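Let me begin by presenting the structure, written as structure tokens, before commenting on it.
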Amino acid sequence: MSRLLDSFKSEIPIFAMLHHKGDDTVDIQARARHEIDVLWAAGIDAVIVENYFGGVDDVIATCEYLRAERPDVVFGINVLNDDAEAFRIARTFGARFVQLDSVAGHLPPSEDRKYSDWLESERAASDLLVLGGVRFKYQPVKSGRSLEEDLLLGVGRCDAVVVTGEGTAITTPHAKTLEFRRIVGEEFPLVIGAGVTPSSAEADLADADALVVGSALKDTYADTGDVDEVHTRELVDAIRALEARTGSITAGGAR
Numbered sequence: 251m252s253r254l255l256d257s258f259k260s261e262i263p264i265f266a267m268l269h270h271k272g273d274d275t276v277d278i279q280a281r282a283r284h285e286i287d288v289l290w291a292a293g294i295d296a297v298i299v300e301n302y303f304g305g306v307d308d309v310i311a312t313c314e315y316l317r318a319e320r321p322d323v324v325f326g327i328n329v330l331n332d333d334a335e336a337f338r339i340a341r342t343f344g345a346r347f348v349q350l351d352s353v354a355g356h357l358p359p360s361e362d363r364k365y366s367d368w369l370e371s372e373r374a375a376s377d378l379l380v381l382g383g384v385r386f387k388y389q390p391v392k393s394g395r396s397l398e399e400d401l402l403l404g405v406g407r408c409d410a411v412v413v414t415g416e417g418t419a420i421t422t423p424h425a426k427t428l429e430f431r432r433i434v435g436e437e438f439p440l441v442i443g444a445g446v447t448p449s450s451a452e453a454d455l456a457d458a459d460a461l462v463v464g465s466a467l468k469d470t471y472a473d474t475g476d477v478d479e480v481h482t483r484e485l486v487d488a489i490r491a492l493e494a495r496t497g498s499i500t501a502g503g504a505r
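FYI, the numbering for the sequence shown is 251 to 505, going by this note's numbering.
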């Protein structure tokens, strides 16, 4: 059983990024609300509210809107470069989870123990679930440990490990996903964090349990684009078709 996967009805949960693009605060919020409508109507499982283009104030404003006006929408929080703020906002506004870009490997040993203790205390203080990256895109590797060592530490620090390739919208190499699966085992949730498209979904998810998606939902298929209803439905339909054909194509069977 998996706390994360069991909290969603879909066999393959889809986590969609909310990037907060816009020219000013008013425009950012108008876009965010429209994108939430499009994403939720298309059948995604959760929105990840992130300060990708906007600031932390934009994340908070969106969370205020979600709590007051859209209690039906499941959401998580990712505050880039500030994990503590992600936890604070998530607790304040009733998010289901936080996404942390790295939970192991990004710090030198002298700093890692303090981080580990802090993360343990944050997790113990609430029911928040944690999606945690290891060897995540754009994150440094400073631990001096092997991939296997960092991954096994990561398993103890989160509810699902997120694996990516080299960057946003870039395919996550299947060989990397396979290696992660071998190390974390068949029962621990593994999430593809970048590069999934309708045409690549079956191969990308052959050894994973869920996905985080952003660029594939945009009109330009790039992070700078606007969330597009047709592209979003194409991605959701591709994932649901996999579920319908096989029940779940995941190798891990982490539920």
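Note that beta-carbon positions come from the ideal geometry of N, C-alpha and C, so glycine has one too.
Model, not experiment: these values are computed from the prediction.
Please classify G404: does DSSP put it in a helix, a strand, or coil?
helix
State the DSSP-derived secondary structure class of E416, mapped to helix, strand or coil.
coil
Quick one: residues in its chain with C-beta nearer than 6 Å to the C-beta of S260, no 5 flanking neighbours on either side, listed in chain order?
D295
Proximity winner among A472, A280, E314 and F325, relative to L254 (alpha-carbon distances):
F325
Who does S348 pair with in a DSSP beta bridge?
This sequence places Val at residue 348; Ser is not what is there. Answer is I327 and V380.
In this structure, what does DSSP give as the bridge partners for I298?
M267 and G326
Own chain, CB closer than 7 Å to V237, minus 5 neighbours either side, in chain order
This structure cannot settle anything about residue 237, because the visible part of the chain is limited to 251 through 505.
Nearest-angstrom Cα separation, counted from R407 out to P359:
16 Å
Run through DSSP, which three-state label would V486 get?
DSSP places V486 in helix when its eight states are reduced to three.
Ends of the beta strand (DSSP E) at V441?
L440 to I442
How far does the beta strand (DSSP E) with A460 in it reach, from first residue to last?
A460 to V463
Going by C-alpha distance, which of A282, A444 and W368 is nearest V353?
W368
Does DSSP put A410 in a helix, a strand or coil?
strand
Residue range of the alpha helix (DSSP H) that includes K426
First-last of the alpha helix (DSSP H) with K426: H424 to V434.
Buried or exposed for P390, please, with buried defined as at least 16 other CB atoms from any protein chain shown within 10 angstroms of its CB.
Burial call: exposed.
For V446, which three-state DSSP category applies?
coil
Can you find the residues in the same chain that come closer than 6 Å, C-beta to C-beta, to E479, ignoring five residues on each side of it along the sequence?
The beta carbon of E479 is closer than 6 Å to those of V288 in its chain, skipping five residues each way along the sequence.
Could you check what DSSP says for K468 in three-state terms: helix, strand or coil?
strand
Determine, using beta-carbon pairs with one atom in the segment 429-436 and one in the segment 263-280, whether at least three such pairs fall under 8 Å.
no
Can the beta-carbon of R346 be found less than 9 Å from the beta-carbon of Y315?
no
Range of the contiguous alpha helix (DSSP H) that encloses E335:
For E335, the enclosing alpha helix (DSSP H) starts and ends at D333 to F343.
Going by Cα to Cα distance, which pick from E285, V405, T447 and G417 is closest to L440?
V405
Sorted by chain position, which residues of the same chain lie with C-beta nearer than 6 Å to R341's C-beta, five sequence neighbours on each side aside?
Answer for R341: S376, listed in chain order.
Would you identify the three-state DSSP class for A543, choosing helix, strand or coil?
Outside the shown range of the chain (251 to 505) lies residue 543, about which nothing can therefore be said.
On the DSSP bridge assignment, give the partners of V477 in chain order.
Per DSSP, the beta-bridge partners of V477 are K468.
Helix, strand or coil at K364 [DSSP, three-state]
helix
Using only the alpha-carbon positions, how far apart do S498 and Y388 sit?
Confidence at S498 is low in this model, with a pLDDT of 47, below 50, so its placement is unreliable and the value that follows should be read with caution. Using only the alpha carbons, I get a separation of about 30 Å.
By how many angstroms is the C-alpha of S450 removed from the C-alpha of T470?
Straight across, the Cα-Cα distance linking T470 with S450 is about 17 Å.
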